[in-house]
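Counting in the working numbering, the sequence shown runs from -12 upward without gaps. Backbone N, C-alpha and C define an ideal beta-carbon position, used for all residues, glycine too. Inspection log for the structure reproduced underneath, given as C-alpha cells.
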Amino acid sequence: MPDTTPPAPEAAGFPAAAASEARSVAELDAALTTCRACPRLVAWREETARVKRPAFVDQEYWARPVPGFGPPDAPLALVGLAPAAHGGNRTGRIFTGDASGDALFAALYDVGLASRPTATHRGDGLRLHGVRVTMPVHCAPPGNRPTTAERDTCRPWLARELALLSPALRAVVVLGGFAWQTLLPVLADAGWQLPRPRPAFGHGAETTLTSSVGQRTLHLVGGYHPSQRNMSTRTLTPAQLREVLFRGAVLARLPAVPPRRDPQEAT
Ligand code: SF4
C-alpha cells in the first residue's frame, strides 16, 4: 500500500509534494506558510523576529514564509526576489513595510494597478488590480542573498503558483536578474518555448514565449528591482519603474494609466 502520509513541513521534499497537491492559489499560500525546508533561512527569519529593529520592537514579526499577494486570476504577475527581513518578514505581506515596497506600490498606484500608494501592514486595505506579486524565494535571506540551493528548494512553490495563475496570465514583469534567471527554466519546464539564444536580462528587455500546446503567448518584461540601493543610486528611477509596470499592463491587456513624467524627477 502506498504511503500517503504528507511530508512534514521541515522536510526537504515538502515544497514539491505540498505544492503539487495545491488546487488553488489559496491552498498553495496556506501550505507555503508552513514550510521549513531551508534551515539557514528558517533560522534567519526567526532570529530577525527575535532581535527586531528598534523601530519595530513592539511588533510581533510574521517570521514565516511570505506568500504572493494579489488576485489569483491576475493577467499580470510581478516576480521579485525574496521578502525583506524587516519588511515582508515582519508584516507577512510581500513588499510591505520596506523601502522597496514604498517604491513599488507608489508606482503601481500611479499606473492604476493598486488601490493606494502605500503598503504598511496586512490590514491596510491595499488591493491590486489584475496583478499578482510573487517571488522565487519566500523566506527572508541574510543580506538579501539566497543561495542557489535555497532558490532550487523553493522553486516548486513558484512553479505551482505560475501554473495556477496560467489560465489568465498574459505577462510577467521580472524584477531583477535573479528572478529572470530563476523564471526562465521554470517556464521552460512548464511547456513555454523560449527563444534561442535565451533572452538576456536588462531593464526594459522584452521577450515573448509561446506555448508548446495551443496558441498561447506569454510576454516577459525585465525591470531593475526597486531595491533601496537601486532607488537611492538612481540605477532605477520612479519614472523608469512606472514605465516598465505600464508596459507589463499593456501586454497583459489591463486598463492602466500612462505613466506621468514628473518634471521634478530626473529620468
Ligand atoms: Fe520553504 Fe521556500 Fe522558505 Fe525554503 S525559502 S523554507 S523552500 S518557503
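Local conformation of residue i per DSSP, three classes
{"i": "Thr140", "result": "helix"}
{"i": "Gln215", "result": "helix"}
{"i": "Glu(-3)", "result": "coil"}
{"i": "Gln180", "result": "strand"}
{"i": "Val159", "result": "strand"}
{"i": "Ser7", "result": "helix"}
{"i": "Phe56", "result": "strand"}
{"i": "Ala101", "result": "strand"}
{"i": "Glu230", "result": "helix"}
{"i": "Ala197", "result": "Per the sequence presented here, residue 197 reads as Thr, with Ala not at that position. Strand."}
{"i": "Arg185", "result": "coil"}
{"i": "Val265", "result": "No statement about residue 265 is possible, as the shown extent of the chain runs from -12 to 254 and does not include it."}
{"i": "Asp45", "result": "coil"}
{"i": "Ser87", "result": "helix"}
{"i": "Pro133", "result": "coil"}
{"i": "Arg248", "result": "coil"}
{"i": "Thr254", "result": "Reliability fails at Thr254, whose pLDDT of 45 lies under 50, so the model's placement of it is uncertain and no value is given."}
{"i": "Gly235", "result": "helix"}
{"i": "Phe82", "result": "coil"}
{"i": "Pro2", "result": "helix"}
{"i": "Ala69", "result": "coil"}
Contact belief for residue i with residue j at Cβ below 8 Å, rounded distance in angstroms
{"i": "Gly75", "j": "Val53", "result": "4 Å"}
{"i": "Trp167", "j": "Gly209", "result": "6 Å"}
{"i": "Ala175", "j": "Leu181", "result": "5 Å"}
{"i": "Gly117", "j": "Pro62", "result": "6 Å"}
{"i": "Phe233", "j": "Pro242", "result": "Not quite, the Cβ-Cβ distance comes to about 11 Å (not below 8 Å), so this is no contact."}
{"i": "Pro41", "j": "Cys22", "result": "About 29 Å; that fails the 8 Å criterion."}
Residue range of the beta strand (DSSP E) that includes residue i
{"i": "Leu241", "result": "Per DSSP, Leu241 belongs to no beta strand (DSSP E) and is neither H nor E."}
{"i": "Gly112", "result": "Where Gly112 is concerned, there is no enclosing beta strand (DSSP E), given that its DSSP letter is neither H nor E."}
{"i": "Arg119", "result": "118 to 121"}
{"i": "Thr220", "result": "Note, Thr220: premise wrong, no beta strand (DSSP E); not H, not E."}
{"i": "Ala64", "result": "63 to 66"}
{"i": "Leu15", "result": "Looking at the DSSP string, Leu15 is not in any beta strand (DSSP E); the run it does join, the alpha helix (DSSP H), is 12 to 19."}
{"i": "Leu28", "result": "Taken as a continuous stretch (DSSP letters only), Leu28 belongs to no beta strand (DSSP E), being part of the alpha helix (DSSP H) at 26 to 38."}
Where residue i falls, given that 16 or more other Cβ within 10 Å makes a residue buried
{"i": "Thr220", "result": "exposed"}
{"i": "Ala6", "result": "buried"}
{"i": "Gln227", "result": "buried"}
{"i": "Gly0", "result": "exposed"}
{"i": "Arg32", "result": "buried"}
{"i": "Arg114", "result": "exposed"}
{"i": "Arg323", "result": "Here the chain has residues from -12 to 254 only, and residue 323 is not among them."}
{"i": "Glu148", "result": "buried"}
{"i": "Val200", "result": "exposed"}
{"i": "Gly189", "result": "exposed"}
{"i": "Thr169", "result": "buried"}
{"i": "Ser214", "result": "buried"}
{"i": "Thr(-8)", "result": "exposed"}
{"i": "Pro123", "result": "buried"}
{"i": "Gly130", "result": "exposed"}
Residue i: first and last residue of the uninterrupted alpha helix (DSSP H) it sits in
{"i": "Gly209", "result": "Not the alpha helix (DSSP H): Gly209 falls in the beta strand (DSSP E), residues 204 to 210."}
{"i": "Gly75", "result": "75 to 78"}
is_contact[residue i, chain B] using C-beta, thresh 7 Å
{"i": "Cys141", "result": "Although the question refers to chain B, the structure presented lacks it and comprises just one protein chain."}
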